[in-house]
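In the numbering used here, the protein residues as written are 1397 to 1612.
Glycine included, every Cβ here is placed at the ideal spot set by N, Cα and C.
Structure first, commentary second.
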């Protein structure tokens, strides 16, 4: 493969775009297991430190809280009992508050641990090519909005071929309680380009080796 062909392939990979369709696959897993992530996911925010509520654990991400609070936890003073099995601080989004996670590279998947599902909780996903989807209440909890303190599950969102860059959680009432944000990030264009270049170089070396063996 010529260098020019490699560069063209790398440029095509760097310029890939998500389709216009906005299909999200939603699943519920890990009953009462806040840190049981899906395969390939990484924890991006754990909300364990009330002194730094907007802290993120991975580069290329930003977390912005507007009216949302961190500090309530099971066994702590003021514990509300909304995240069963969760022994650490978690995020509470009261009425008219929000939490926004932004990703520079974009997301393939996103998930969080949730308790006490309410009809007035909502989540919005924004991404490339006008991707903009808002889900309310039972739309992302398989119809459950019973507000039970014993209901604690990981809610998983798979964006398929789409690339999501913003996740916005909000609530019109008290409250939206979540913890342990996890993601699968889209590889950055430069990473795709390097991978393609690497495959091309490896193929060229292999062909040279085969030619050398044939001449020997």
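Minimum C-alpha distance to residue i - residue among the options
| i | options | result |
| --- | --- | --- |
| residue 1445 | 1542, 1487 and 1499 | 1487 |
| residue 1502 | 1429, 1472, 1511 and 1555 | 1555 |
| residue 1558 | 1550, 1542 and 1581 | 1581 |
| residue 1510 | 1543, 1456 and 1562 | 1543 |
| residue 1491 | 1579, 1577, 1578 and 1565 | 1565 |
| residue 1525 | 1436, 1560, 1577 and 1451 | 1560 |
| residue 1578 | 1532, 1533, 1452 and 1447 | 1452 |
| residue 1529 | 1449, 1552, 1427 and 1563 | 1563 |
| residue 1507 | 1467, 1472, 1536 and 1552 | 1552 |
| residue 1443 | 1437, 1427, 1428 and 1489 | 1489 |
| residue 1441 | 1534, 1455 and 1539 | 1455 |
| residue 1499 | 1419, 1522 and 1469 | 1522 |
| residue 1540 | 1466, 1513 and 1458 | 1513 |
| residue 1431 | 1467, 1482 and 1472 | 1482 |
| residue 1439 | 1447, 1427 and 1457 | 1457 |
| residue 1419 | 1533, 1527, 1583 and 1532 | 1527 |
| residue 1427 | 1531, 1537 and 1583 | 1537 |
| residue 1423 | 1535, 1447 and 1436 | 1535 |
Enclosing beta strand (DSSP E) for residue i [first to last residue]
| i | result |
| --- | --- |
| residue 1576 | 1572-1581 |
| residue 1441 | 1438-1441 |
| residue 1562 | 1560-1567 |
| residue 1503 | 1493-1511 |
| residue 1431 | Run containing residue 1431: none; DSSP gives neither H nor E here. |
| residue 1530 | 1528-1532 |
| residue 1519 | 1517-1523 |
Contact belief for residue i with residue j at Cβ below 8 Å, rounded distance in angstroms
| i | j | result |
| --- | --- | --- |
| residue 1434 | residue 1505 | 7 Å |
| residue 1421 | residue 1549 | Actually they do not touch by this definition, with Cβ atoms about 16 Å apart. |
| residue 1546 | residue 1480 | 6 Å |
| residue 1449 | residue 1466 | 4 Å |
Identified DSSP bridge partners for residue i
| i | result |
| --- | --- |
| residue 1425 | 1550 |
| residue 1486 | 1468 |
| residue 1458 | 1498 |
| residue 1463 | 1494 |
is_contact[residue i, chain B] using C-beta, thresh 8 Å
| i | result |
| --- | --- |
| residue 1574 | The structure shown contains no chain B; it holds only a single protein chain. |
The stretch 1448-1465 touching the stretch 1487-1505, judged by at least three CB pairs closer than 8 Å:
yes
Between the stretch 1512-1523 and the stretch 1566-1573, are three or more C-beta pairs nearer than 8 Å?
yes
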